[in-house]
Amino acid sequence: MASKGAEWVAGYIAAWESNDPEQIGALFTDDAVYRTAPDAEPRRGREAIVAGWLEDLDDPGTWSFDWTILDEHDDFVVVQGRTEYPAEKDYLNLWIIRLADDGRATEYTEWYMPRPHGD
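Using UniProt numbering, read the sequence shown as starting at 1 and increasing by one per residue.
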């Protein structure tokens, strides 16, 4: 059986692939906080998270994402990933996620670092 964190990341990737507002919203609690960087102004609440996602979406088929869970304890998950945009850029990612008992995120923060394309 997959961990709660692995299930959440799989759901995130499915929402990223579809950009479906219902799939995106299903990942987060009503009062969730979503940070696109540690010092970014957070998106607060499911509606703001969905709206922000749709304003800044990646088109399906324009990226790939490989990931692993570095640490998971109760409601706390740390994910390391690499996002590749074959046409333009690559990033190393670190996600910190806090999950509610029902598996939805109450808090999400992303760190990312650009990498030379194709390295």
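Virtual Cβ for every residue (Gly too), placed ideally from N, Cα, C. The model shown is predicted, which means the values in this text are computed figures rather than measured ones.
The alpha-carbon of Asp20 is positioned some 11 Å away from that of Gly11. Pro21 sits in a helix when the DSSP states are folded into three classes. Rounded to the nearest angstrom, the Cβ distance from Thr83 to Trp63 is 6 Å, consistent with a contact under 8 Å.
Annotation: the continuous alpha helix (DSSP H) that includes Ala51 extends over 46-55. Contact annotation: Pro86 and Glu17 have beta-carbon atoms that are not nearer than 9 Å.
The beta-bridge partner set that DSSP reports for Lys4 is empty. Considering only Leu27, Glu110, Ala6, Ala40, the residue with the shortest C-alpha distance to Glu47 is Leu27.
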